[in-house]
Amino acid sequence: MNSLSVLPFEFVITYIFIIGLCIGSFLNVVILRGLSGESIVFERSKCPKCNNKLKWYMNIPVVSYIFLKGKCAFCSAKISIQYPIVEFVSACFFVLTYVFFGLSIKTLFLWVILSLFIVLSVTDIKETVIIDYHAYLLAFTGLIYNFFGCGDTTIIQSILGAVFGFLFFEILARAGKFFCNHRMFGEGDSLIALGLGSIFGIKVLVLIIVLSILLQGVFALPVLIKKSFDENKKKLAISYILVFASMVYVILQNCFTFIKNQIFYLISITFICILLFWSLRNILFEIKNKKESKDSKYLLMPFGPALIIASSACIFYLPKIKELIYIFLS
Ligand SMILES: [Zn+2]
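Heads up, the sequence shown is in numbering that gives the first Met the number 0, so the first residue is 0 and it goes up one at a time.
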């Protein structure tokens, strides 16, 4: 495939893993500076607490974190677990891309795209913020990626995907604002969808949206259920449980096809639809009531990370995911 293949596979993998760790370390800086609004300058990093400049051996990705037991060597302030996680995930992504696509232009593009994925999801999880230029950079990379034929879609599909992705989330968000005075999605989600559309094209983007809704259900609903019980909002908790149960039901029903009887199937689907309608009404009512309160944000779980996890999965396992979604929707 290329000249690297004469080197032992383990050697190449280790080398790429180390490069991935270093890039991850750089991404931590991009995330930090993006959130604080500072520009990225290449100076020695320092402890945010005591401002001591770190020695080189305190700045080795993952390794230093483990040896320092997650504490600053000078002032023992806790170092966020975000740093080693970002470094490790980057390294895994870099290796995985190489294993799947070899050393190619496509791999180089995917390294950039996956790095931006990491930056976007961490800022979203950490402060529910998407930095505009991170998302624009993603959209721009996607366009060039497909323009040079490295992606799996045409440039036309790519442009359509970007426009569709942005409009889809923007219209839904504004509809939410119109009907219950509350954006259904953050502004960041429209921007992420803009970038994802340009990378994957419109067809795969639709698949990604479906998959991310499933993921969001799996991860966010249990949190929302617990929260509603803690706040003694039984009706709301039951609504979330019903939405969750319906999802599980549809998945099980399709995986095992245990319902053979058509009439029974129709009745159960109708029943589920009524329950879902009741649940959504409760949830929308809750959102509407929350509009005045300051902590209304908790109802808006960031949707960005689900979109990005779904997209990362689609980069490597698109055929399997198509099968899964087909089973779910059939
Ligand atoms: Zn310190």
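Ideal Cβ placement from N, Cα and C applies to all residues, glycine included.
Exercise for the section: Over the uninterrupted alpha helix (DSSP H) stretch that includes residue 97, give me the two end residues. Expected result: The residue labelled residue 97 in the question sits at position 98 within the sequence shown. 81-100 is the extent of the alpha helix (DSSP H) around residue 97.
Practice task
Under 7 Å Cβ to Cβ from residue 71, same chain only, skipping five residues before and after it: list those, please.
Solution key: Stepping through the sequence shown from its first residue, residue 71 is reached at position 72. Counting only Cβ-Cβ distances below 7 Å, and skipping sequence neighbours, we find 46, 48, 49, 78.
Handout entry: Proximal residues to residue 344 (C-beta, below 6 Å), its chain only, five neighbours per side dropped
Key = In the structure as shown, the chain begins at 0 and stops at 329. Residue 344 is therefore absent and cannot be evaluated.
Problem - Bridge-paired residues (DSSP) for residue 77 - result: The residue labelled residue 77 in the question sits at position 78 within the sequence shown. Paired residues: 70.
Practice task
Assign residue 114 to one of two classes, buried (16 or more other C-beta atoms within 10 Å of its C-beta) or exposed (fewer than that).
Solution key: Against the sequence shown, residue 114 aligns to sequence position 115. Buried is the call here.
Practice task
For residue 89, I'd like the list of residues in its chain whose CB is within less than 8 Å of its CB, leaving aside the five on either flank, ordered along the chain.
Solution key: Against the sequence shown, residue 89 aligns to sequence position 90. The residues are 19, 20, 22, 23, 26, 113, 114, 117.
Handout entry: Residue of 271, 177, 192 minimising C-alpha distance to residue 304
Key = Residue numbering aside, residue 304 sits at position 305 when the sequence shown is read from its first letter. Cα-wise, what sits closest to residue 304 is 192.
Problem - Beta-carbon spacing of residue 302, residue 197 below 8 Å - result: On the sequence shown, position 303 is the one that residue 302 refers to. On the sequence shown, position 198 is the one that residue 197 refers to. No, these two residues do not count as a Cβ contact at 8 Å.
Practice task
May I have the straight-line CA-CA distance separating residue 184 from residue 122, to the nearest angstrom?
Solution key: The residue labelled residue 184 in the question sits at position 185 within the sequence shown. The residue labelled residue 122 in the question sits at position 123 within the sequence shown. About 16 Å.
Exercise for the section: Using the Cα positions of residue 92 and residue 15, report the straight-line distance between them to the nearest angstrom. Expected result: Along the sequence shown, read from residue 1 onward, the residue named residue 92 stands at position 93. Along the sequence shown, read from residue 1 onward, the residue named residue 15 stands at position 16. Straight-line Cα distance between these residues: approximately 10 Å.
Handout entry: Assigned exposure category for residue 322 - 16 Cβ within 10 Å defines buried
Key = In the sequence shown, the residue the question calls residue 322 occupies position 323. Flag for residue 322 reads exposed.
Handout entry: Chain-order list of residues whose beta-carbon lies under 7 Å from that of residue 316 (same chain, five-residue window excluded)
Key = By 1-based counting over the sequence shown, the position of residue 316 is 317. Closer than 7 Å at Cβ, skipping near neighbours: no residue.
Exercise for the section: Name the residue from 205, 230, 263, 221 whose alpha carbon lies nearest to the alpha carbon of residue 325. Expected result: For the purposes of this step, residue 325 is taken as the residue at position 326 of the sequence shown. Of the candidates 205, 230, 263, 221, the one whose C-alpha sits nearest the C-alpha of residue 325 is 205.
Practice task
Taking residue 145 as part of the alpha helix (DSSP H), name the residues at either end of that continuous run.
Solution key: Numbered from 1 along the sequence shown, position 146 holds the residue referred to as residue 145. Start and end: 131-146.
Handout entry: Any non-hydrogen atom of ligand 1 within 7 Å of residue 51 CB
Key = Translated into the one-based positions of the sequence shown, residue 51 becomes position 52. Checking the Cβ of residue 51 against ligand 1 gives yes.
Exercise for the section: Answer yes or no: the CB of residue 116 versus the heavy atoms of ligand 1, is any distance below 7 Å? Expected result: What you label residue 116 is simply residue 117 of the sequence shown in a count that begins at 1. No, the Cβ of residue 116 stays beyond 7 Å of every heavy atom of ligand 1.
Practice task
Taking only heavy atoms of ligand 1 into account, decide whether any of them is closer than 7 Å to the Cβ of residue 225.
Solution key: What you label residue 225 is simply residue 226 of the sequence shown in a count that begins at 1. No.
Exercise for the section: Return helix, strand or coil for residue 232, following the three-state DSSP convention. Expected result: Here residue 232 refers to the residue found at position 233 of the sequence shown. Residue 232 falls in the coil class under three-state DSSP.
Problem - Span of the alpha helix (DSSP H) around residue 37 - result: Counting from 1 along the sequence shown, the entry for residue 37 is found at position 38. Per DSSP, residue 37 belongs to no alpha helix (DSSP H) and is neither H nor E.
Problem - Option in 5, 224, 216, 274 with minimal Cα separation from residue 247 - result: As a first step, residue 247 is located in the sequence shown; it is residue number 248 there, counting from the start. Ranking the options by Cα distance to residue 247, first place goes to 216.
Exercise for the section: Compare the C-alpha of residue 148 against each of 104, 111, 139 and name the closest. Expected result: Here the question's residue 148 lines up with position 149 in the sequence shown. If we check each option's Cα against that of residue 148, 104 comes out closest.
Practice task
Report the residue from 272, 30, 99, 142 whose alpha carbon sits nearest the alpha carbon of residue 130.
Solution key: The residue you call residue 130 lines up with position 131 of the sequence shown. Nearest to residue 130 by alpha-carbon distance, out of 272, 30, 99, 142, is 30.
Exercise for the section: With a threshold of 7 Å, establish whether the CB of residue 73 neighbours any heavy atom of ligand 1. Expected result: On the sequence shown, residue 73 is found 74 positions in, with the first residue counted as 1. Checking every heavy atom of ligand 1 against the Cβ of residue 73, one is found closer than 7 Å.
Problem - Endpoints, alpha helix (DSSP H) assigned at residue 117 - result: Walking along the sequence shown from the start, residue 117 turns up at place 118. Element bounds for residue 117: 104-126.
Exercise for the section: Verify whether the separation of the beta carbon atoms of residue 174 and residue 138 is less than 8 Å. Expected result: In the sequence shown, the residue the question calls residue 174 occupies position 175. In the sequence shown, the residue the question calls residue 138 occupies position 139. Judged by beta-carbon spacing, residue 138 lies beyond the 8 Å limit of residue 174, meaning their Cβ atoms are not closer than that value.
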